[in-house]
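In the working numbering, each residue's number is its place in the sequence shown (first place is 1) plus 5.
In this text, a Cβ means the ideal position worked out from N, Cα and C, and glycines have one as well.
Remember, it's a predicted structure, so these values are computed and weren't measured experimentally.
Take a look at the structure set out below.
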Amino acid sequence: MAQSISIRIAERTYSLKVSSPEQEEVIRKAADDINRKVALYQEKFPDKGILEILSFVTLNVCMANITLQKQMKTMEDEETALAKELDGYLDNIDKNSR
6 MAQSISIRIA ERTYSLKVSS PEQEEVIRKA ADDINRKVAL YQEKFPDKGI
56 LEILSFVTLN VCMANITLQK QMKTMEDEET ALAKELDGYL DNIDKNSR
């Protein structure tokens, strides 16, 4: 069942519907993370407007996401290679035990 929540991002409040407590937790953590990054950029660039600040935050988050996706792909490739290597070892053991 959907539940209504309110979050605050960069001094604006948004009403959202969530389908689970887990989704609410993720949304609230994301909003907190955005607000921390906004505060850091506002401190570092006090002459920039909120739109520019949010653009920097968005770029930062997307870059981190892309980096994590690349790391996941590398780990998946390594997992596949290790699984093939393990299968080869197991096949050799099986053949030698006959």
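Residue j beta carbon less than 8 Å from that of residue i
{"i": "lysine 42", "j": "valine 62", "result": "yes"}
{"i": "isoleucine 55", "j": "isoleucine 32", "result": "no"}
{"i": "glutamate 29", "j": "isoleucine 58", "result": "no"}
Residue i burial status per 10 Å Cβ neighbour count (16 or more: buried)
{"i": "tyrosine 94", "result": "exposed"}
{"i": "tyrosine 46", "result": "buried"}
{"i": "isoleucine 71", "result": "exposed"}
{"i": "lysine 39", "result": "This sequence places isoleucine at residue 39; lysine is not what is there. That one is buried."}
Sequence-distant residues of its chain with Cβ nearer than 8 Å to residue i (five each side left out)
{"i": "glutamate 83", "result": "none"}
Close Cβ partners of residue i (< 6 Å) along its chain, the five nearest in sequence each way excluded
{"i": "glutamine 8", "result": "Val23"}
Residues bridged to residue i [DSSP beta-bridge criterion]
{"i": "leucine 21", "result": "Ile10"}
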